[in-house]
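Trainee: One structure, as structure tokens, below. Some questions next.
2 protein chains.
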Amino acid sequence: MTVTIRDVARASGVHVSTVSRTFSAPHMVNAATRTRVLTVAEELGYRPNRAARALTTGRTHNLGLIVADIANPFFPPLIKAAHAAARQRDYHLFVADTDEEPAAEEELVQAFSKQVDGVVLCSPRSSNKALERLAERVPFVVVNRRLRGAATVLMDVGHGARLAVEHLAGLGHRRVALVSGPAGSWTSAEIRTAAEQVPGIELVVIGPNAPTERGGFAAADRVRDCAVTGVLAYNDLVAIGLIEGLADRGLSVPEDVSVVGIDDIVSGRLNRPKLTTVAMPTAAAGRLAVDLLIQEVTATTSLETRLVIRDSTAPPR
Amino acid sequence: MTVTIRDVARASGVHVSTVSRTFSAPHMVNAATRTRVLTVAEELGYRPNRAARALTTGRTHNLGLIVADIANPFFPPLIKAAHAAARQRDYHLFVADTDEEPAAEEELVQAFSKQVDGVVLCSPRSSNKALERLAERVPFVVVNRRLRGAATVLMDVGHGARLAVEHLAGLGHRRVALVSGPAGSWTSAEIRTAAEQVPGIELVVIGPNAPTERGGFAAADRVRDCAVTGVLAYNDLVAIGLIEGLADRGLSVPEDVSVVGIDDIVSGRLNRPKLTTVAMPTAAAGRLAVDLLIQEVTATTSLETRLVIRDSTAPPR
DNA sequence: TTCAAGACTGCAAACAGTTGCACTAAACCT
DNA sequence: AGGTTTAGTGCAACTGTTTGCAGTCTTGAA
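Respectively, the protein sequence lines represent chains A and B.
In terms of full-length UniProt numbering, the first sequence has 164 at position 164, counting the first letter as 1, and numbering is strictly consecutive.
In terms of full-length UniProt numbering, the second sequence has 256 at position 256, counting the first letter as 1, and numbering is strictly consecutive.
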């Protein structure tokens, strides 16, 4: 049924090992035989079986990518870039979704372990111990989480948050709210410590909140009650939900309160008002993560973020 | 290094075949030995090697999913649902992105073929012939494309388009534009033929257009020039771009012109005005596609769509 | 008591490749 | 001419698991 290396060997009058080598070590075989084997292989429609190859070499040429929620608009650009980078080096990409369930991370890594050469873990929520245990099973790189000993790619959201709050300060705001993210999120912690350090700004922290539009919507009451003129939201979805919630309460953005988001998802660009936000280099992170994985270098890199000023911020009344 | 079935066999004093059976055919092994093997396996941290298993059984327990553009907001919910369905049956999912390049479809399927038990192809653009050729290599199901002989899941966008145009008619519109999608798209053709059949409506077709916000933006001039009061756009991104383009030209939605999109992506819900749109059951399609694949049934199913009326449509001036 | 049936388990041959080693023949060097 | 290197190829063992077949040991029935 399926054509194997032996069929090609027979049809081209050489031993299987020669066929094997024309594919995995072409320089070791005579040019003439090589082309003969290749044409025969082409005719027969032979493709090396990667699973079988993996068995002896131990390398699968597959990578795993684990995110909390594929449908969260933050991730697709990252996934896309990771896929492109993998493809470029002839790797295939498993994609998995933990559904925001930390336990699923561990299980997925385990399940992947024999089938991939490495996995990239985005914003993992598992404990350090659990991650270290996993590191013994399969190489991985973590994105947006600090982890000793593992390859890491960080997006410098702290810097972005500082820029955002400074932007608000520059517009004349003095009292701003931080509508924070879920408890235990590295990103959320980074944002907070950075925001707190901006001089001349009185920061009130509201949270933790779900990292969703709904979470932002639900925080609207508390934002209104704490008498701020500016808000930094955990991410764009939260910002959009918050803007909607504020509108329901008669407050308009940016006239009554300025809101800045984080991530720069497309919905933010399409939203009215267009969101001022901290652009996260998600594509670069995805690409870099798989490159690190493939090259087996364990470095920790921090990617630049930048502030994109659009229409949701203005001087206070 | 890595613990194999032999290690478990040795440690629990049975033959490897018994260990194998405790995992793949538990009912064939004595309860006592089974538990012994399982505890030993647990202690040693043994996980069956799927690649090796695939070699003898021919089943990899992997599936492939190919879409045109992972970052297109239409797809992530589909991918997520497909992943969940796969996971539920202990399958892993390769995800790939053709970058809107039809040639990539064929190449990706080829590359996947030995490594998956089947692939789901979303809105493929390859020729029928090419697809039939691929069908010989690996089972697949196509989404949003009609293909004889292959398992198919369709979203009944024609019906949705008809509802949309009827909705406009009901509001009193008489002349509406169809801002169509890319040439050769099955979906676009479906929309068109359905929209043309609504009585009492004079339809002017504008296109083909890129299926993006930019495409919609670029169509704004032609929409203005053709003196319509209502528009059906190929998808929500086009609709949003169009609304923006119209605003630039001093036309507001829905006061001056009503716009209805298709897909019901989140950006449409978050957009101002909130988009009236045809909701596509993407999650259901993803789930169904992998179920069909796993169960190896080749049926063709058509999923219901429905009209969601929000704020971008109103009676004409 | 004897025999057949059934429940477990072991044996060994696959599955589709890779790779260290051995071998041959040609090319190169004095 | 003789020896040494080198290029190319074949041989066979190995990767981790499954599975048809055969063997052993119980168990139940006649």
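Ideal placement from N, C-alpha and C gives every residue a C-beta, glycine not left out.
Who are the Cβ neighbours of threonine 298 (chain B) in its own chain at under 6 Å, not counting the five residues just before and after it?
Mentor: Excluding positions up to five away in sequence, the list reads Ala151.
Trainee: Between proline 254 (chain B) and chain A, is the shortest Cβ-Cβ distance under 8 Å, so that the two count as touching?
Mentor: Proline 254 (chain B) does not count as touching chain A.
Trainee: For lysine 129 (chain A), would you say it is in contact with chain B, using Cβ-to-Cβ distances shorter than 8 Å as the test?
Mentor: False, the Cβ-Cβ gap to chain B never drops below 8 Å.
Trainee: Does the Cβ of arginine 89 (chain A) lie closer than 7 Å to at least one heavy atom of the ligand ADP?
Mentor: This structure lacks the ligand ADP; in fact it carries no ligand of any kind.
Trainee: Thinking just about the alpha-carbon of each residue, which of A:Ser302, A:Asn271, A:Gly207 is nearest to the one in serine 312 (chain A)?
Mentor: Ranking the options by Cα distance to serine 312 (chain A), first place goes to A:Asn271.
Trainee: I'd like the span of the alpha helix (DSSP H) that includes glycine 241 (chain B), first residue to last.
Mentor: Note, glycine 241 (chain B): alpha helix (DSSP H), 236–248.
Trainee: Alpha helix (DSSP H) containing threonine 33 (chain B): first to last residue?
Mentor: Where threonine 33 (chain B) is concerned, the enclosing alpha helix (DSSP H) stretches over 31–44.
Trainee: Determine the chain A residues that contact histidine 83 (chain B) at a beta-carbon separation under 8 Å, and present them in chain order.
Mentor: Per Cβ cutoff of 8 Å: Ile70, Val95, Ala96, Asp97.
Trainee: Compare the Cα-Cα distances from valine 138 (chain B) to each of B:Asn144, B:Gln110, B:Tyr46, B:Asp156 and report the closest residue.
Mentor: Among B:Asn144, B:Gln110, B:Tyr46, B:Asp156, the Cα nearest to that of valine 138 (chain B) is on B:Gln110.
Trainee: So phenylalanine 74 (chain B) is in the beta strand (DSSP E); what residue range does that whole segment cover?
Mentor: Careful: phenylalanine 74 (chain B) lies outside any beta strand (DSSP E) and carries neither H nor E.
Trainee: Is DSSP giving glutamate 202 (chain A) helix, strand or coil here?
Mentor: Strand, per DSSP.
Trainee: Count the other C-beta atoms from every protein chain shown that fall within 10 angstroms of the C-beta of alanine 9 (chain A), then say buried if there are 16 or more, exposed otherwise.
Mentor: Alanine 9 (chain A) should be labelled buried.
Trainee: Determine the chain A residues that contact valine 266 (chain B) at a beta-carbon separation under 9 Å, and present them in chain order.
Mentor: By Cβ distance, chain A contributes Ala71, Pro73, Glu213, Leu237, Ser267.
Trainee: So, using beta-carbon positions, are alanine 135 (chain A) and histidine 159 (chain A) closer together than 8 Å?
Mentor: Cβ distance not < 8 Å, so alanine 135 (chain A) and histidine 159 (chain A) don't count as in contact.
Trainee: May I ask which residues mark the beginning and end of the alpha helix (DSSP H) holding leucine 55 (chain B)?
Mentor: Residues 50–57.
Trainee: Are at least three pairs of beta-carbons, each pair with one atom in the region 14–25 of chain B and one in the region 20–27 of chain A, less than 8 Å apart?
Mentor: Not touching, per the Cβ criterion.
Trainee: From this set, A:Phe112, A:Ala82, A:Arg89, A:Glu107, which residue's C-alpha is nearest leucine 93 (chain B)'s C-alpha?
Mentor: Out of A:Phe112, A:Ala82, A:Arg89, A:Glu107, A:Phe112 has the C-alpha closest to the C-alpha of leucine 93 (chain B).
Trainee: Would you list the one or two residues that DSSP bridges to glycine 13 (chain A)?
Mentor: Bridge partners of glycine 13 (chain A): none, in fact.
Trainee: Would you kindly work out how many angstroms separate the C-alpha atoms of valine 176 (chain B) and leucine 246 (chain B), rounded to a whole number?
Mentor: Rounded to whole angstroms, valine 176 (chain B) to leucine 246 (chain B) spans 15 Å at the Cα level.
Trainee: Is the region 70–85 of chain B in contact with the region 26–41 of chain B, if contact means three or more CB pairs nearer than 8 Å?
Mentor: No, because fewer than three Cβ pairs between the region 70–85 of chain B and the region 26–41 of chain B fall closer than 8 Å, the two stretches do not touch.
Trainee: Can you give me the C-alpha to C-alpha distance between glutamate 255 (chain B) and leucine 237 (chain B), rounded to a whole angstrom?
Mentor: Their Cα atoms are separated by approximately 20 Å.
Trainee: So is asparagine 209 (chain B) in contact with chain A if we call contact Cβ pairs under 8 Å?
Mentor: It does not: the Cβ of asparagine 209 (chain B) has no partner Cβ on chain A nearer than 8 Å.
Trainee: Rounded to the nearest angstrom, what separates arginine 145 (chain A) and valine 120 (chain A) at their Cα positions?
Mentor: Straight-line Cα distance between these residues: approximately 12 Å.
Trainee: Any chance you could list the beta strand (DSSP E) runs of at least 3 consecutive residues sitting entirely within the region 116–148 of chain B, in chain order?
Mentor: Within the region 116–148 of chain B, the complete beta strand (DSSP E) runs of at least 3 residues are 118–122, 140–143.
Trainee: For threonine 277 (chain A), report the span of its beta strand (DSSP E) as first-last.
Mentor: Per DSSP, threonine 277 (chain A) belongs to the beta strand (DSSP E) from 276–279.
Trainee: When the Cα atoms are used, what is the spatial distance from lysine 80 (chain A) to arginine 21 (chain A)?
Mentor: Using only the alpha carbons, I get a separation of about 33 Å.
Trainee: Using a Cβ-Cβ cutoff of less than 7 Å, which residues in the same chain neighbour alanine 285 (chain A) once the five nearest sequence positions on both sides are dropped?
Mentor: So the list reads Leu78, Val143, Val153, Met155, Leu303, once near-sequence residues are dropped.
Trainee: Below 7 Å on C-beta distance, what does alanine 52 (chain B) contact in chain A?
Mentor: The answer, in chain order, is Leu55.
Trainee: Are the region 194–211 of chain B and the region 223–236 of chain B touching, with three or more C-beta to C-beta distances below 8 Å?
Mentor: Yes: the two stretches touch, three or more of their Cβ pairs being nearer than 8 Å.
Trainee: Would you please verify whether the beta carbon of asparagine 30 (chain A) is less than 8 Å from any beta carbon of chain B?
Mentor: Closer than 8 Å: no.
Trainee: Residues in the same chain with beta-carbon distance under 6 Å from glycine 268 (chain B), minus the five sequence neighbours each way, listed in chain order, please.
Mentor: So the list reads Asp236, Gly261, Leu275, Thr277, once near-sequence residues are dropped.
Trainee: Could you tell me the alpha carbon to alpha carbon distance between glycine 58 (chain B) and glutamate 244 (chain A), rounded to whole angstroms?
Mentor: Going from the Cα of glycine 58 (chain B) to the Cα of glutamate 244 (chain A) covers about 53 Å.
Trainee: How long is the line joining the alpha carbons of alanine 84 (chain B) and leucine 288 (chain A), rounded to whole angstroms?
Mentor: In a straight line, the C-alpha of alanine 84 (chain B) is about 27 Å away from that of leucine 288 (chain A).
Trainee: Since leucine 307 (chain B) and leucine 163 (chain B) should fall inside the 8 Å C-beta cutoff, what is the C-beta to C-beta distance between them, to a whole number of angstroms?
Mentor: Confirmed, Cβ separation roughly 4 Å.
Trainee: Should histidine 167 (chain B) be flagged as near chain A, meaning a C-beta pair shorter than 8 Å?
Mentor: Chain A contact via Cβ: absent.
Trainee: Here's a check: name, in chain order, each residue in its chain whose Cβ is nearer than 6 Å to the Cβ of glutamate 196 (chain B), leaving out the five neighbours to either side.
Mentor: Cβ neighbours of glutamate 196 (chain B) beyond the five flanking positions: Leu203.
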